[in-house]
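Heads up, the thing below is written out as structure tokens.
2 protein chains.
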Amino acid sequence: MVDDRTARDRVVQAADELFYARGVQAVGMDAVREAAGVPLKRIYAMFASKEELLVAVLQHRRESWAAGIAAASERATTARERILAIFDFLDAWFREPTFRGCAFINTFGEMGPGSAAAAAVVRDQKDDFGEYVARLVSDAGAPAWLAPQLTLLAEGAQTTAAISGDTTMARHARAAAETLLDAAAPADG
Amino acid sequence: MVDDRTARDRVVQAADELFYARGVQAVGMDAVREAAGVPLKRIYAMFASKEELLVAVLQHRRESWAAGIAAASERATTARERILAIFDFLDAWFREPTFRGCAFINTFGEMGPGSAAAAAVVRDQKDDFGEYVARLVSDAGAPAWLAPQLTLLAEGAQTTAAISGDTTMARHARAAAETLLDAAAPADG
DNA sequence: TTGCGCGGAGAACGATCGTTCTCTACTGTA
DNA sequence: TACAGTAGAGAACGATCGTTCTCCGCGCAA
């Protein structure tokens, strides 16, 4: 038997991949068990219900998404470049063969009214991202109202890329972000 | 017995409201039957399956959405104002108590990989909107690349407003659209 | 070696749902 | 009035799924 920590990680990761690829309701707990290689009895010892597992999956994805954005962003030197790096991050993500839109938006659309716990994590993730962009905007010396404008571009790019399959949306969003930055930020941002 | 046309309309409208409010998978055909007041046997005489009903619902919503946007937009006189009217339309929509995001995005998130037919209608709707915006952008004498930037703002506003419940997203999107228009279009657009 | 306790595999249970079927009642016609 | 055809209400069916339970086998203490 693998230790509890490993088993839990395996379950969360297997569920994450399956839920993201097929949707939550389309994935049975038996598929999670098979993919994770952890028996159902143990899964239910770690998570009281499928919904609780979903919440753990979303929390995990929230953390790794924030880490990914931060890593991509920190390679840039100025605040302006750090903002634009977000759109380069999206660009790379859209090209991954497994890309199927934003997991949080998808889950909200699927579960929104049915799972208050899941909806709360989705909201938390969007808040994280909004605050992160707001900090960068502030660092760039731009007015605070620029931040929601930039987040709208990022959110729109994710859904549009998912539905249309058009990976150039990240570049359109980046170009728009540059225009908005030029109009709002001091030249030395 | 109501005539076939009326029965079909009632079924589509009842299913539309239920699917939008609760998600497709969370609504049983029995709930549609009860809300529409049309017996199951007749529903299945009109639609071979729940998926076929969903496609009819999405087609119906696609038409009424296009009509709503066009009506809001046509009240304005210049192409620039017609573009901005789209965001005023969103603003009013976000304030409706039944607002729960874009039905097409929600359905795509829920069904995407599971129903190719539904995904196709969602793509068609997004194409409709993209072409509509492209036409207005062209009318405004602005470069073609402005159109996808504006659609990203509209899509982002819809998902963000749905998740956060913040109805001011339409105004943020509108402000960003004005900046983008100012930067791209000739002053007399 | 002999029990004993825990973990794993998979069956079982109860509920839900999409879809179909049955049975009753009514409408219109001769 | 008698009958044929059809429509409606709801039961029934088969499948799926989340969750729990049973039973078997392995490892360990005396």
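Going line by line, the protein sequences match chains A and B.
For the first sequence, the residue numbers in our numbering are 1410 to 1598.
For the second sequence, the residue numbers in our numbering are 1410 to 1598.
Backbone N, C-alpha and C define an ideal beta-carbon position, used for all residues, glycine too.
Worksheet item: What whole-angstrom Cβ distance do residue 1376 of chain B and residue 1565 of chain A have, given they're in contact under 8 Å?
Response: A question about residue 1376 of chain B goes unanswered here, because the residues of chain B that appear run from 1410 up to 1598.
Worksheet item: Along chain B, which residues have their Cβ under 7 Å away from the Cβ of residue 1519 of chain A?
Response: 1432, 1518 and 1519
Fill in: Within-8 Å CB hit, residue 1514 of chain A to chain B
yes
Worksheet item: Can you list, in chain order, the residues of its chain whose CB lies under 8 Å from that of residue 1587 of chain A, leaving out five sequence neighbours each side?
Response: 1493
Discussion item. My output table needs one value for residue 1484 of chain B: the three-state DSSP class, helix, strand or coil.
Written reply: coil
Discussion item. Output needed in chain order: residues of the stretch 1529-1544 of chain B with a Cβ under 7 Å from some Cβ in chain A.
Written reply: 1531, 1532 and 1535
Practice prompt. State the Cα-Cα distance for the pair residue 1647 of chain A and residue 1511 of chain A, rounded to the nearest angstrom.
Written response: Limits of chain A in this structure are 1410 at one end and 1598 at the other, which puts residue 1647 of chain A out of reach.
Discussion item. Within 8 Å of any Cβ in chain B, is that where the Cβ of residue 1468 of chain A sits?
Written reply: no
Worksheet item: Which of helix, strand or coil does DSSP assign to residue 1505 of chain B?
Response: coil
Discussion item. Suppose you measure from the CA of residue 1598 of chain B to the CA of residue 1519 of chain B; what does that come to, to the nearest Å?
Written reply: Bear in mind that a pLDDT of 42 at residue 1598 of chain B, under 50, signals an unreliable position, so the number given afterwards is only what the model happens to contain. Taking the straight line from one Cα to the other gives about 40 Å.
Practice prompt. Tell me, please, whether the CB atom of residue 1572 of chain B is closer than 8 Å to any CB atom in chain A?
Written response: yes
Worksheet item: So which residues on chain A does residue 1461 of chain B lean against when the C-beta distance must stay under 9 Å?
Response: The premise fails here: residue 1461 of chain B is roughly 19 Å from chain A at the closest Cβ pair, so nothing lies under 9 Å.
Worksheet entry | Min CB distance residue 1578 of chain B to chain A below 8 Å | yes
Worksheet item: Using a C-beta to C-beta distance shorter than 9 Å, which residues of chain B count as neighbours of residue 1506 of chain A?
Response: Within chain B, no residue comes near residue 1506 of chain A; the closest Cβ sits about 13 Å away, beyond 9 Å.
Item to complete: Look at the alpha carbon of residue 1501 of chain A and the alpha carbon of residue 1544 of chain B, and state the distance between them as a whole number of angstroms.
Response: 30 Å
Item to complete: For residue 1562 of chain B, return the contacting residues in chain A, with the cut-off set at a CB-CB distance below 9 Å.
Response: 1558, 1561, 1562, 1565 and 1585
Practice prompt. Can you tell me the Cβ-Cβ gap for residue 1467 of chain B and residue 1423 of chain B, rounded? I've got them flagged as a contact below 8 Å.
Written response: Rounded, the Cβ-Cβ distance is 15 Å, inconsistent with contact.
Worksheet item: So, are the CB atoms of residue 1464 of chain A and residue 1421 of chain A less than 8 Å apart?
Response: no
Item to complete: Taking the CB atoms as reference points, tell me whether residue 1489 of chain B and residue 1589 of chain B lie closer together than 8 Å.
Response: no
Discussion item. For residue 1484 of chain B, count the other beta carbons within 10 Å of its own beta carbon; 16 or more makes it buried, fewer makes it exposed. Which is it?
Written reply: exposed
Item to complete: Return no unless some Cβ of chain A is closer than 8 Å to the Cβ of residue 1499 of chain B.
Response: no
Worksheet item: Among B/1580, B/1576, B/1515 and B/1568, which has the Cα closest to the Cα of residue 1429 of chain B?
Response: B/1515
Item to complete: Could you have a look at residue 1521 of chain A and say whether DSSP puts it in helix, strand or coil?
Response: coil
Discussion item. My output table needs one value for residue 1598 of chain B: the three-state DSSP class, helix, strand or coil.
Written reply: With a pLDDT of 42 at residue 1598 of chain B, under the threshold of 50, the modelled position of that residue is not reliable, and the figure given next carries that caveat. If DSSP states are grouped into helix, strand and coil, residue 1598 of chain B belongs with coil.
Worksheet item: If we call anything under 8 Å between Cβ atoms a contact, is residue 1419 of chain A one with residue 1447 of chain A?
Response: yes
Worksheet item: Is DSSP giving residue 1435 of chain A helix, strand or coil here?
Response: coil
Worksheet item: Secondary structure at residue 1539 of chain A, three-state DSSP: helix, strand or coil?
Response: helix
Worksheet item: If residue 1567 of chain A and residue 1471 of chain A are in contact, beta carbons under 8 Å, what's the gap, nearest whole angstrom?
Response: Not confirmed; about 15 Å, so no contact.
Worksheet item: Taking Cβ to Cβ, would you say residue 1427 of chain A is nearer than 8 Å to residue 1444 of chain A?
Response: yes
Worksheet item: residue 1569 of chain B CB to nearest chain A CB: under 8 Å?
Response: yes
Worksheet item: Assuming residue 1563 of chain B contacts residue 1584 of chain B under a Cβ cut-off of 8 Å, what Cβ separation, rounded to an integer in Å, is found between them?
Response: Not a contact, Cβ separation roughly 13 Å.
Worksheet item: Would you call the CB atoms of residue 1431 of chain A and residue 1552 of chain B closer than 8 Å?
Response: no
Discussion item. Between residue 1435 of chain B and chain A, is any beta-carbon pair separated by less than 8 Å?
Written reply: yes
Fill in: Cα-Cα separation, residue 1532 of chain B to residue 1473 of chain B
16 Å
Worksheet item: With burial defined as no fewer than 16 other Cβ atoms inside 10 Å of the residue's Cβ, what is the status of residue 1482 of chain B: buried or exposed?
Response: buried
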